[in-house]
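J.: Have a look at this one before I ask anything.
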Amino acid sequence: MRSHSHSYSFFRLLRPIVVLLVSIWQPRAVGLTNKYGSFEFTVPNGYNEKHGPQTSLLPYDHAGPLPMHYQQVFDASQFKELPQGGGFIISMADRAACRSVNGFFATNAIIRLSTSQAKPDQMSSNYVENVGFDQITVSSTKSLFVMGYGLDCFTRPGGPSSYDIMTPFFYDPAKGNLLLDLTFTSTGPRVPGGDPRKRDSVAQADDSVSSIAALSLDRAAADVVSTEGLIVEFLVVPTPEIRVTHATNTVVVNWPFNTPNVFKFQATENLEDPSGWQDGGGDIKNLGLKGYTVFLPDNSLNRRRFFRLYWNSPQPGVPSPKARVVTPAELEQTQ
Numbered sequence: 003m004r005s006h007s008h009s010y011s012f013f014r015l016l017r018p019i020v021v022l023l024v025s026i027w028q029p030r031a032v033g034l035t036n037k038y039g040s041f042e043f044t045v046p047n048g049y050n051e052k053h054g055p056q057t058s059l060l061p062y063d064h065a066g067p068l069p070m071h072y073q074q075v076f077d078a079s080q081f082k083e084l085p086q087g088g089g090f091i092i093s094m095a096d097r098a099a100c101r102s103v104n105g106f107f108a109t110n111a112i113i114r115l116s117t118s119q120a121k122p123d124q125m126s127s128n129y130v131e132n133v134g135f136d137q138i139t140v141s142s143t144k145s146l147f148v149m150g151y152g153l154d155c156f157t158r159p160g161g162p163s164s165y166d167i168m169t170p171f172f173y174d175p176a177k178g179n180l181l182l183d184l185t186f187t188s189t190g191p192r193v194p195g196g197d198p199r200k201r202d203s204v205a206q207a208d209d210s211v212s213s214i215a216a217l218s219l220d221r222a223a224a225d226v227v228s229t230e231g232l233i234v235e236f237l238v239v240p241t242p243e244i245r246v247t248h249a250t251n252t253v254v255v256n257w258p259f260n261t262p263n264v265f266k267f268q269a270t271e272n273l274e275d276p277s278g279w280q281d282g283g284g285d286i287k288n289l290g291l292k293g294y295t296v297f298l299p300d301n302s303l304n305r306r307r308f309f310r311l312y313w314n315s316p317q318p319g320v321p322s323p324k325a326r327v328v329t330p331a332e333l334e335q336t337q
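Numbering (the working numbering), first residue to last: 3 to 337.
See the structure below:
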């Protein structure tokens, strides 16, 4: 698949004046359950503090060491609190049903995400017809641990099984629904043993999710088409943007602590030369919740320099923020 380059948060430093090319990042205070600029969604909405009304046998609770191909669609309306333009999905987890005491492993698990035009309760039984143009593999592991949960159903939901996303997926709800595509070759052994392996789920009309599945990795079409869907927790972060401030004889460059680690901080002296970008540009310090920070002495900025956060994403169609130039006069008015 062709890689697509995306550059985020350009800004320009002109001693002693900082000229910004994009808006300054600020932590957002909106979202279903917002933490430090991140957005937490439980889909379907409304189940973040309670168990679902159903328990799903799919995709894990089947007899024998058999493969599985499972797809589930999530309606875009469930992500309506995302800022305009979308954000990066950096974490996902389904949940064990109450009294599902098992923990176990799914072997050779591959998880893909895409923006799909398939709709809940209207999915095609043909897998490929549900997949969006921007599908990428977000996780691939030889052994995916699926957590169990032994407590009763009146307790708070537990047993989340993280999908260990290594490649963030950029999702914009305005462009379609979200499709999860999960495959694995077998499950087991059970830890500590016994039944069941059921997952927390919803199987109601107009519940914003539905699924298809087959006990095969080779079939073009699913054996099961169901209104049921897993309850899945998502963590989404907005497109990372750089913030620039002045301290005594120092320019401070900062970006959010939850920026996916695939992004690199880069610098150049010539914005017109794509080959001039170099990783680094200063000593990057991790200040915890205060974010990643680079301190640059004023006297080191005796010529114009440009900085950016950059990631060569494998996902097609990820929009790059449009740069804007702030004139020195405009900057002086904001100080």
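For each residue, glycine too, the CB sits at the ideal point set by N, CA and C. Being a predicted model, the structure only gives us computed values, none of them experimental.
Please determine, among P170, S142 and R114, the residue with the shortest C-alpha to C-alpha distance to P262.
T.: Ranking P170, S142 and R114 by Cα distance to P262 puts P170 first.
J.: If you reduce the DSSP assignment to three classes, tell me which class K266 lands in.
T.: In the structure shown, K266 sits in a strand (DSSP, three-state: E or B).
J.: Under the three-state reduction of DSSP, which class applies to V133: helix, strand or coil?
T.: In the structure shown, V133 sits in coil (DSSP, three-state: anything other than H, G, I, E or B).
J.: Roughly how many whole angstroms lie between the Cα atoms of Q1 and G284?
T.: With the chain covering only 3 through 337, there is no way to say anything about residue 1.
J.: Which of the three DSSP states, helix, strand or coil, is assigned to Q317?
T.: Looking at Q317 - three-state DSSP - the assignment turns out to be coil, as it is neither helix nor strand.
J.: Apart from the five residues just before and just after R114, which ones in its own chain have a Cβ nearer than 7 Å to its Cβ?
T.: The answer, listed in chain order, is Q137, I138, T139, V140 and D183.
J.: Could you check which residue in T117, D202 and G231 has the C-alpha nearest to that of E51?
T.: E51 has its Cα closest to that of D202, out of T117, D202 and G231.
J.: Just to confirm my understanding: we take V32, look at its own chain, exclude 5 residues before and 5 after, and list those with CB closer than 7 Å. What are they?
T.: Since pLDDT at V32 reaches only 33, below the 50 mark, its modelled position is unreliable, and no value is offered.
J.: With H, G and I counted as helix, E and B as strand and the rest as coil, what does DSSP make of G231?
T.: In this structure, G231 counts as strand in the three-state DSSP scheme.
J.: Which partner residues does Y294 have in the DSSP bridge list?
T.: Note: Y294 sits in a beta bridge opposite W257 and N288.
J.: Could you check what DSSP says for K177 in three-state terms: helix, strand or coil?
T.: Helix.
J.: What does the Cβ neighbour count give for Q317, buried or exposed, with the cut at 16 atoms within 10 Å?
T.: The residue in question, Q317, is buried, as its Cβ has 16 or more Cβ neighbours within 10 Å.
J.: Opposite V211 in the DSSP bridges: which residues?
T.: BP columns for V211 point to F76.
J.: Give me the DSSP bridge partner(s) of F236.
T.: DSSP output for F236 lists F43 and M94 as bridge partner(s).
J.: Going by CA-CA distance only, name the one from F297, L181, S164 and P276 that's closest to G231.
T.: Nearest C-alpha to G231: L181.
J.: Is the beta carbon of D96 less than 8 Å from the beta carbon of S212?
T.: It is not a contact, given that the beta carbons lie outside the stated cut-off.
J.: Evaluate V320 with the Cβ neighbour count: other Cβ atoms within 10 Å of its Cβ, from every protein chain shown; 16 or more gives buried, anything less gives exposed.
T.: Result: buried.
J.: Would R221 be called buried (16 or more neighbouring beta carbons within 10 Å of its own) or exposed?
T.: So R221 counts as exposed.
J.: If the criterion is Cβ atoms closer than 8 Å, does the pair F147 and G105 meet it?
T.: Result yes, Cβ atoms of F147 and G105 sit closer than 8 Å.
J.: Helix, strand or coil, according to DSSP, for G105 in the structure here?
T.: Strand.
J.: Kindly confirm or deny that the stretch 225–241 and the stretch 44–59 touch, where touching means at least three C-beta pairs closer than 8 Å.
T.: Yes, since at least three Cβ pairs between the stretch 225–241 and the stretch 44–59 fall closer than 8 Å, the two stretches touch.
J.: Between N272, K121, A98 and K292, which has its C-alpha nearest V255's C-alpha?
T.: Among N272, K121, A98 and K292, the Cα nearest to that of V255 belongs to K292.
J.: Starting from the C-beta of S164, find all residues in its chain whose C-beta is less than 8 Å away, skip the five residues before and the five after it, and write them out in chain order.
T.: Result list for S164: S93, M94 and A95, in chain order.
J.: Expressed to the nearest angstrom, what Euclidean distance is found between the alpha-carbon atoms of N314 and K266?
T.: Looking at the two C-alpha atoms, the distance is approximately 10 Å.
J.: Would you mind stating whether T250 and F308 have Cβ atoms separated by less than 8 Å?
T.: Their beta carbons are not under 8 Å apart, which means T250 does not touch F308 by this criterion.
J.: Within 10 angstroms of its Cβ, does F135 collect 16 or more other Cβ (buried), or is it exposed?
T.: Counting Cβ neighbours within 10 Å, F135 comes out exposed, since fewer than 16 surround it.
J.: Pick out whichever of A111, D281, Q86 and V296 has its Cα sitting closest to the Cα of T241.
T.: Answer by Cα proximity: Q86.
J.: Near S386, what residues of its chain come up, given a Cβ to Cβ distance below 7 Å and the 5 sequence neighbours on each side ignored?
T.: Look at the range of the chain in this structure, 3 to 337, and you will see that residue 386 is not part of it.
J.: Do you know offhand how far W289's Cα is from I244's?
T.: Note that residue 289 is Leu in the sequence shown here, rather than Trp. Near 15 Å, if we compare the C-alpha coordinates of I244 and L289.
J.: Would you give the residue range spanned by the beta strand (DSSP E) that H53 belongs to?
T.: Counting along the chain, H53 falls outside any beta strand (DSSP E), and DSSP gives it neither H nor E.
J.: Please return the same chain residues whose Cβ sits closer than 8 Å to the Cβ of Y49, not counting the five positions on each side in sequence.
T.: Excluding positions up to five away in sequence, the list reads P159, D202, V204 and I233.
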